[in-house]
Amino acid sequence: MQPSKLRTFLEKHESDKGSGQETHQLRAICKMYNISNDDDLSHFYDLYADYVKNVGMLTITEKMTPVGSLRVDLDFVYEGKVEDHRHTQEQVVSFVKDYMNEVKKYHTMVDGSVFEVCVMEKPEPTYYPSKNESKSGIHIVVPMIKTIKGVENAVKNALLPRMETHFPGLGLKKGWRDVYDSAVLNHTTWWPLLRSGKPLEHGVQPLPYRFKYTVDWSSKDGATSIDDEEPRITADLIRKYSVRAHSSDASPLTEAGKLYDRVEEPPRISGGAAAVPARGRPAVRQGDPGSRGSSPTRVTVQTPLTEDQLRRFRDHVFNLAEFRYKSYQDWINTGQCLKNIHSDLEGTFLEFSAQDPGNYKERETIAKWTSFNFRNDGVRLSEKSLLHWSRLDNLEKYEEIEKRNIDYLVNEGVSTQTEHDVALVVFAMYRDMYKCARYSSASWFRFMTHIWKETDKGIDLQCRLSSDVARRFWDQAKVFMSQMEDIPECPVGKHEETTCDRCRAEKKLKSYTEMRMKLKTSRFKENVMRECRELFLDEEFVNKVDENKNLIAFNNGVYDTLKMEFRDGKPEDYISFSTKLDFDPEKPHDTHECWAELRKFIHDVLPDREVRTYFLAYLSTSLSGANEAQKFHILTGTGSNGKSMLMNLMTQAMGDYATKASVTMLTQGRGKTGAANPDLVRLKGRRFATMSEPDEGAAINTGYMKELASSERVVGRDLYAGSKQMVEFDMQTRFNFSCNDKPVINTQDGGTWRRLVVVDFPTKFVVNPMKDNEKPMDEAIQHKVVSVDWATCFLSYLVFLYKQGNGFRKLTPPGKVMAYTSDYKEDNDAIARFLREKVHESTTPPPAGDERASVTLGALQVAFNEWKRSNELMYKAGAGMPELRKRMDATYGKYPSGGWTSFHLGDA
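Residues 1 to 908 (the UniProt record's numbering) are what the sequence shown spells out, left to right.
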């Protein structure tokens, strides 16, 4: 490049990358320029034309404008080395005729007008040894027609099904949807100036496209003629074939074309269809391209998608399964998802929709896209939704697309050397493996062995920066070094980065080395991790984790209690708990070596078949977090009855899903609103909890007990958490209160006793059994019930029972269990005892003048207080005169004047 002319001009017009002001770029050195003034542009074209004629090829591209010349980019990629172009002029002309006939549907043309259709080709296909493929293709520009992206995409959608008829038998490596480049149709990417080509790629310098011939097409009858004379490069020719244009230069549209001529309004921020949740998948807070930030005026700005971003999203869209465009609701979800990602994806949505020709109606599809409300916050379909669907529908292709994306991001990171661009590489590599749950506290989780596990301040990910991430950069550097072997050494004394391939390559290799060293530097890694916190942040992670009631995790997978199937865990399961045991669905529980001994233990602890069957079925329901029964179990009996050992076995089997809850939760009053209640927060996601015996005489807070047993949604705050860090979750826990002396219940309302279930453990384990309910004591039992063998076998048995009972959705306690519960209820009902012992119905009217002729309220109160005093119940809650009066009115009728005569007081 001549420093005194073109270079000096460009240096004066440099622009920052990403500023939105850039109009041209010199791709070889990644420099951006703003050349928008008409006078400057004319001068630039003069300098450029002189340079190309006198010096040679450059790598200057221009940024497309919303209105610009019709253009087509067909990329013909072949396996292996191809010496000559396989397509013919006859095939290209056939395509041009069809193409212009489609264009005619959208642009008005004066009858008889002749349009120049310029066809450009490389002199020969470019062979890339490192990829063992050859790239051929054609560029087509129609300078007389200035159009918009909607028209260009509509033409492509119409032509795609007919491409094979125009270019039969080429033996292409890719399908026609990839051959017909969509990126250039959206008017947001870059197009090479005449005689400019791509910079060095994969160790090869591609030759630039050159004029091959011009097809003169008549709008009257579609007749064509060929002009194969290559014009001389001039400033006017470069201007003519520029794809940039002013909006006022737009060619007139037909009624069909006007359908696409819409003013781009700022996206509307609202709910509605935009808020459709992503089928269990979370919304993405960071990582969406074209960051959208809402200003105080609610105007949302979108940065246009780059060519690579557009291609990546498009690849994922066309990786989706067929049902996503054939099923109406899935089609709607896909469209809303793409609109939320970026408005530049309209063409991709139309092309996606056109795959179902039987139902595709262009006008209705455009109207549907327009109706989608853009949403940039809250629960919404997003980039992550699209990636989730793509991964589900075709994992192999998904991984291939993401690998290309990572390669692109690595190149960007090497070019900019910034922490943010390196963080983008890290995010692309590990987006499904790591989550930042809280930005302020740097709380990180890693997905491994089927569940999410907390990692201290993300140190696990930070370690990967110096290993896996640095290796990824260096692997790409080694590929680049192998490509450099084919680049000639720098001519003596030249050292000109803009024209010397070797100098540019050596500079890029140096950038790789610098990045590798940075990734082994603590300060740089810490800065990258700060950037990663933003990208990996999932503010809803704490609320979503362990909230799926139908999944329970094992060491080797996840059991779905709805589908009754065992499978691998997935990040979107959002599980952090595990039983910490292996589960073998192919190994029945009764084939475990310890089964016979375990079965005997269970039968000894619960000898009654009816009670045992119920209680084991109840324990198996703990596999699920759906607690339809809403029962609170009190396990009672004399000491050494085995209930504690059975609870220890259950706790060992359930692993993280089991916990020991503090009994003070139920014996003390509720905490103040907003106060820290770590005992409650600790129950989030737990399926099984045991409680020890409270202090003697302590009464249960029945209101709180009902709330916990009812599986209602609760809100709590952990210790040291801020007032705005409240955790809200559905209670999944089944509570088991183990005691020898049953706790006091001071209420007799139906809601309380409908939830309470008393299970009696009658066996007593002693050294020398003498009675029927006594069994020999096993000194090693306390070790057996916490062993992995017993826990694994027992849990396998619970899964067997759960499947056999189809989840026990309607598990009802049997008669014997309810009899224990009724006795317990009566023991806690002082008034019922008083009525049974001291109040007796009169079978015959008492004789006149008998002092028992009536029972007054005063007499009733004296007798009641006397009875309470003798039974040490003077201060029992819920056993006062008002409660007795209500019970008497309900049983014997409202108090009559003069007293009741239907009963008398005294001993039976």
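Heads up, the beta-carbon is just placed ideally off N, CA and C, and yes, glycines get one too.
Small disclaimer: the values here were computed from a predicted structure and weren't measured.
Euclidean distance between Cα positions of residue i and residue j
{"i": "Val215", "j": "Glu90", "result": "11 Å"}
{"i": "Tyr99", "j": "Gly358", "result": "22 Å"}
{"i": "Tyr325", "j": "Ile487", "result": "47 Å"}
{"i": "Arg809", "j": "Thr370", "result": "46 Å"}
{"i": "Asn153", "j": "Asp568", "result": "41 Å"}
{"i": "Lys397", "j": "Met726", "result": "41 Å"}
{"i": "Thr126", "j": "Ile138", "result": "13 Å"}
{"i": "Phe323", "j": "Asp330", "result": "7 Å"}
{"i": "Leu160", "j": "Gly347", "result": "14 Å"}
{"i": "Asp907", "j": "Val714", "result": "49 Å"}
{"i": "Ser225", "j": "Ile140", "result": "16 Å"}
{"i": "Gly807", "j": "Thr561", "result": "7 Å"}
{"i": "Ser443", "j": "Asp460", "result": "12 Å"}
{"i": "Glu779", "j": "Met647", "result": "17 Å"}
{"i": "Ser902", "j": "Gly893", "result": "10 Å"}
{"i": "Pro192", "j": "Phe211", "result": "13 Å"}
{"i": "Lys453", "j": "Glu540", "result": "16 Å"}
{"i": "Lys587", "j": "Met484", "result": "58 Å"}
{"i": "Pro585", "j": "Leu623", "result": "15 Å"}
{"i": "Gly898", "j": "His904", "result": "14 Å"}
Expected contact under 8 Å - CB spacing of residue i and residue j to nearest Å
{"i": "Met433", "j": "Phe447", "result": "5 Å"}
{"i": "His87", "j": "Leu172", "result": "With a Cβ gap of about 10 Å, His87 and Leu172 do not count as contacting."}
{"i": "Asp546", "j": "Ser576", "result": "6 Å"}
{"i": "Met731", "j": "Leu795", "result": "That belief does not hold up - the Cβ atoms of Met731 and Leu795 are roughly 22 Å apart, past 8 Å."}
{"i": "Val767", "j": "Gly716", "result": "About 46 Å; that fails the 8 Å criterion."}
{"i": "Asn555", "j": "Lys580", "result": "6 Å"}
{"i": "Thr147", "j": "Leu70", "result": "5 Å"}
{"i": "Asp75", "j": "Asp181", "result": "6 Å"}
{"i": "Pro762", "j": "Asn773", "result": "5 Å"}
For residue i, three-class secondary structure by DSSP
{"i": "residue 912", "result": "Absent from the structure is residue 912, since the part of the chain shown begins at 1 and ends at 908."}
{"i": "Val82", "result": "coil"}
{"i": "Cys793", "result": "helix"}
{"i": "Pro66", "result": "coil"}
{"i": "Pro694", "result": "coil"}
{"i": "Thr812", "result": "coil"}
{"i": "Tyr128", "result": "strand"}
{"i": "Cys436", "result": "strand"}
{"i": "Met481", "result": "helix"}
{"i": "Tyr512", "result": "helix"}
{"i": "Cys500", "result": "coil"}
{"i": "Ala49", "result": "helix"}
{"i": "Asp249", "result": "helix"}
{"i": "Gly805", "result": "coil"}
{"i": "Leu58", "result": "strand"}
{"i": "Cys118", "result": "strand"}
{"i": "Ser134", "result": "strand"}
{"i": "Met770", "result": "coil"}
Own chain partners of residue i with C-beta closer than 8 Å, once the 5 adjacent residues on each side are dropped
{"i": "Glu696", "result": "Asp741"}
{"i": "Gly20", "result": "Thr303"}
{"i": "Val96", "result": "Val117, Val119, Ile140, Val215, Trp217, Thr224"}
Close beta carbons around residue i, own chain, < 7 Å, minus the five adjacent residues each side
{"i": "Lys368", "result": "Gly335"}
{"i": "Asp501", "result": "Leu200, Gln205, Ile487"}
{"i": "Ala321", "result": "Asp393"}
{"i": "Leu801", "result": "Leu616, Ala617, Ser620"}
{"i": "Lys816", "result": "Asp608, Glu610, Val611"}
Test: residue i CB closer than 9 Å to a CB of chain D
{"i": "Lys660", "result": "The structure shown has no chain D; it contains just one protein chain."}
Close Cβ partners of residue i (< 6 Å) along its chain, the five nearest in sequence each way excluded
{"i": "Asp829", "result": "Gln748"}
{"i": "Ala698", "result": "Thr667"}
{"i": "Arg298", "result": "Only weak support exists for where Arg298 lies, its pLDDT of 43 falling under 50; the value from the coordinates is given anyway. Counting only Cβ-Cβ distances below 6 Å, and skipping sequence neighbours, we find nothing."}
{"i": "Met881", "result": "Gln861"}
{"i": "Gln476", "result": "Val410"}
Residue i: CB within 8 Å of a non-hydrogen atom of the ligand FMN
{"i": "Asn527", "result": "This structure simply doesn't include the ligand FMN, nor any ligand for that matter."}
Quiz prompt | Minimum length 3: unbroken beta strand (DSSP E) runs contained in the segment 546–612 | solution = 551–554, 557–560, 565–567
Self-check item: beta strand (DSSP E) runs contained entirely in the segment 841–907, provided each spans 3 or more residues
Solution: 903–905
Quiz item: Which whole runs of the alpha helix (DSSP H) in the segment 324–405 are 4 residues long or more, in chain order?
Solution: 328–341, 346–353, 362–371, 383–393
Self-check item: Start-end ranges of the alpha helix (DSSP H) lying completely within the segment 732–756, minimum 4 residues
Solution: 750–755
Self-check item: alpha helix (DSSP H) segments (min. 4 residues) lying fully within the UniProt region "Disordered" (1–21)
Solution: 8–12
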